[in-house]
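Participant:
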Amino acid sequence: MNRPLVLGCVVAVAALAAGCVLPSLIGPYFMRLVIFSLIYALLALSLNLTLGFRGELSLGHQTFFGVGAYAAAILATTYEWPLLLLLPVAAACAAITAFAIGLVALRMRGPYFAIVTLSFGVIAQILAVNLVDLTNGPMGISGIGATPSSYLGFTVPWRSDIVCYGMLVVLVFLSGLVTFTLRESKFGRAWRALRDHEDLAAAIGIPDFRMDLLALVISAAMAGVAGAVYAFYTSVVAPDDVFSFAIVIAMLIPVVLGGRGTIVGPIVGAFIYAFAPEYLRIAQDWRLPIFGLLLVLLVILAPEGLVVLALRAPAKLRARFRQGAAEAGE
């Protein structure tokens with residue numbers, strides 16, 4: 001059997017088992033950190049589709065996160081829609097936005113694509129500020145998810161930590177499963193071919209524009225779902241928050257740190273990104289510079305990501321052991 005597949009299944013089962021018992025082991029503060037880690041994981045898995053599989057960096061992915069958040073906020077406060085109903089709506093709104101942006105941005109390549117997507121992110125933020133009747137302008141929308149929903153006689157308080165945590169665990173698992181399925185499918189093979197040998201892939205008939213558009217739309221839908229959960233959990237959505245470039249950083253660092261093109265890597269990177277600054281609080285004003293320095297060192301020492309480094313470490317250790325044994329035998 002495929003060794004990476006077996007390892008992935010073991011990791012997934014272990015992660016789900018740990019996720020079931022985690023709420024009983026930690027307090028409210030660390031639970032909040034875990035929830036934001038899971039939101040970052042969703043975002044990182046989203047960006048991983050375009051950056052890790054296709055090799056194109058989108059600096060405007062916060063647009064799709066913000067669109068999903070605002071779609072959920074508007075429908076929740078106006079019509080009191082529950083989060084479960086809003087997840088597919090947020091995904092669809094983000095996907096439609098990505099389709100429209102992709103028709104323009106995907107005509108570009110490399111840094112030009114990154115700059116164009118960044119420009120659309122700025123445009124989205126400006127629109128959110130100025131469309132006051134729809135978005136409430138720079139003040140944003142508050143009171144999201146204030147009304148609990150009832151299912152089969154059970155009341156679901158959408159703002160509670162345990163509800164958001166449970167939903168995010170399921171969403172991250174499903175997103176990882178979708179990402180793995182796409183990676184092993186003909187679409188994943190086409191994306192990797194375009195990433196590694198674009199001219200050769202085009203020569204054998206792989207439609208680069210359509211494949212790029214598909215990757216962007218799927219990744220945007222995942223980011224939109226993350227935006228909807230974020231809106232309900234924080235209960236506030238504002239342009240300077242959900243369309244901030246800091247959202248892109250929260251996607252990019254976990255992908256690079258954990259390992260581009262992997263499934264577990266972005267999730268591991270998301271938890272490191274969320275927890276490391278908190279454990280560095282002992283350094284007070286120096287914690288963020290120290291965190292930045294550690295990130296730089298990790299990228300230099302493990303350019304392919306920590307997960308890839310961990311997977312290759314046993315083979316390297318065995319090779320060194322054999323080499324040492326051979327030299328000792330001589």
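Each residue of the sequence shown is one higher than the last, beginning at 1 in UniProt numbering. For glycine and all other residues, C-beta sits at the position ideal for the given N, C-alpha and C. Remember, it's a predicted structure, so these values are computed and weren't measured experimentally.
#1: Does the Cβ of S185 have 16 or more other Cβ atoms within 10 Å, making it buried, or fewer, making it exposed?
#2: Just to confirm my understanding: we take L33, look at its own chain, exclude 5 residues before and 5 after, and list those with CB closer than 8 Å. What are they?
#3: According to DSSP, S142 sits in a beta bridge with which residue or residues?
#4: For a minimum of 4 consecutive residues, which ranges assigned as the alpha helix (DSSP H) are wholly contained in the segment 231-294?
#5: What are the boundary residues of the alpha helix (DSSP H) that P207 is part of?
#6: According to DSSP, simplified to helix, strand and coil, what is T155?
#7: Could you tell me which of I247, A98, L306 and T135 sits nearest to G261, measuring between CA atoms?
#8: Look at I96 and V237 and say whether their C-beta atoms are less than 8 Å apart.
#9: Compare the beta carbon distance of I39 and Y230 with 8 Å and say whether it is the shorter of the two.
#10: Give the DSSP-derived three-state secondary structure of E80 in the structure shown.
#11: Within 8 Å, do at least three Cβ pairs link the segment 51-60 to the segment 111-129?
#12: Are at least three pairs of beta-carbons, each pair with one atom in the segment 114-133 and one in the segment 196-208, less than 8 Å apart?
#13: Out of L22, L200, F30 and T63, point me to the one whose CA is closest to A226's CA.
#14: Does the segment 86-95 come close enough to the segment 207-223 that 3 or more CB-CB pairs lie under 8 Å?
#15: Between the C-alpha atoms of D133 and M139, what's the straight-line distance to the nearest angstrom?
#16: Grouping DSSP H, G and I as helix and E and B as strand, with all else coil, what is S37?
#17: Assuming W158 contacts L83 (C-beta within less than 8 Å), just tell me the rounded distance between them.
#18: Please state whether the Cβ-Cβ distance between A302 and L43 is less than 8 Å.
#19: How many angstroms separate the CA atom of P28 from the CA atom of T147?
#20: Pull up the distance between the alpha-carbon of I26 and that of M108, whole angstroms please.
#21: Let me make sure I understand the geometry here. Which of V255, L297, D285 and R318 has the alpha-carbon closest to that of F53?
#22: Could you compute how far the alpha carbon of L86 sits from the alpha carbon of T77?
Facilitator: So, to answer that:
#1: exposed
#2: A274, F275 and E278
#3: V236
#4: 239-242, 245-258 and 264-279
#5: From DSSP, P207 is part of no alpha helix (DSSP H); its letter is neither H nor E.
#6: strand
#7: L306
#8: no
#9: yes
#10: coil
#11: yes
#12: no
#13: T63
#14: yes
#15: 12 Å
#16: helix
#17: 5 Å
#18: no
#19: 22 Å
#20: 47 Å
#21: V255
#22: 12 Å
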